[in-house]
Amino acid sequence: MEQSLIDECINCIKEINHNSNIYILPKKGFSDYLNLKSDNHLFIVDVNRKGRKKPQFTLQLRNRSFKDYTLIRLDIFGPDHQNPPGNFPYAGKRIPCPHIHIANSEYGAKVAYPLNESYAKMYLTNDQLEDLIIILQKFLEYCEVGNINSIGYNLQEDLI
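Numbered per numbering that gives the first Met the number 0, the sequence shown spans residues 0 to 159.
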């Protein structure tokens with residue numbers, strides 16, 4: 000994907016296009032998605048709580064026209080990520096969770112950045128990291144979703 004299209008998809012204003020006024024986060028071991036739309040694109044936010052051995056919570060923004068291409072991925076629980084070698088911040092480094100992947104034309108979404116770091120610009124406090132609903136709302140805000148408060152969010156179980 001060309002960098003100009005990546006930037007357009009990440010930076011355009013989006014809105015939630017959900018069939019209910021409440022979004023219920025999937026239970027541990029399951030996944031779901033939210034539909035988003037902008038003036039020119041349709042998007043999916045994957046909400047993944049699957050995990051083989053450990054709990055996992057991953058949020059991922061994708062363009063519906065390029066479903067196999069991740070634009071932004073936020074990994075809260077899960078394994079460390081080994082960045083590829085290259086000429087970018089954290090090249091060749093192992094990045095523990097939580098971390099965020101931001102696509103670019105050279106590496107796709109294969110580069111992870113620590114949260115609360117100037118390049119990533121995804122800031123979550125320790126208290127916020129204990130609340131999956133807040134994490135989802137902050138991710139949607141990061142993805143330029145304008146109507147985050149137009150629906151309610153529900154979670155019926157503990158974080159882990």
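Cβ atoms here follow ideal geometry from the backbone N, Cα and C, with glycine treated the same way.
According to DSSP, which residues form a beta bridge with residue i?
| i | result |
| --- | --- |
| residue 110 | DSSP output for residue 110 lists no bridge partner at all. |
| residue 41 | 36 |
| residue 47 | 30, 57 |
| residue 74 | 57, 98 |
| residue 22 | 152 |
If the criterion is Cβ atoms closer than 8 Å, does the pair residue i and residue j meet it?
| i | j | result |
| --- | --- | --- |
| residue 69 | residue 55 | no |
| residue 21 | residue 150 | yes |
| residue 28 | residue 57 | no |
| residue 12 | residue 107 | no |
Near residue i, what residues of its chain come up, given a Cβ to Cβ distance below 8 Å and the 5 sequence neighbours on each side ignored?
| i | result |
| --- | --- |
| residue 66 | 43 |
| residue 111 | 74, 80, 82, 89, 94, 98, 99, 100 |
| residue 105 | 85 |
Excluding sequence positions up to five away, which residues of its chain have a Cβ less than 6 Å from the Cβ of residue i?
| i | result |
| --- | --- |
| residue 136 | 147 |
| residue 18 | none |
Within 10 angstroms of its Cβ, does residue i collect 16 or more other Cβ (buried), or is it exposed?
| i | result |
| --- | --- |
| residue 138 | buried |
| residue 122 | exposed |
| residue 3 | exposed |
| residue 63 | exposed |
| residue 141 | buried |
Given residue i, which residues of its chain have a CB within under 7 Å of its CB, disregarding the five upstream and five downstream residues?
| i | result |
| --- | --- |
| residue 30 | 45, 46, 47, 48, 49 |
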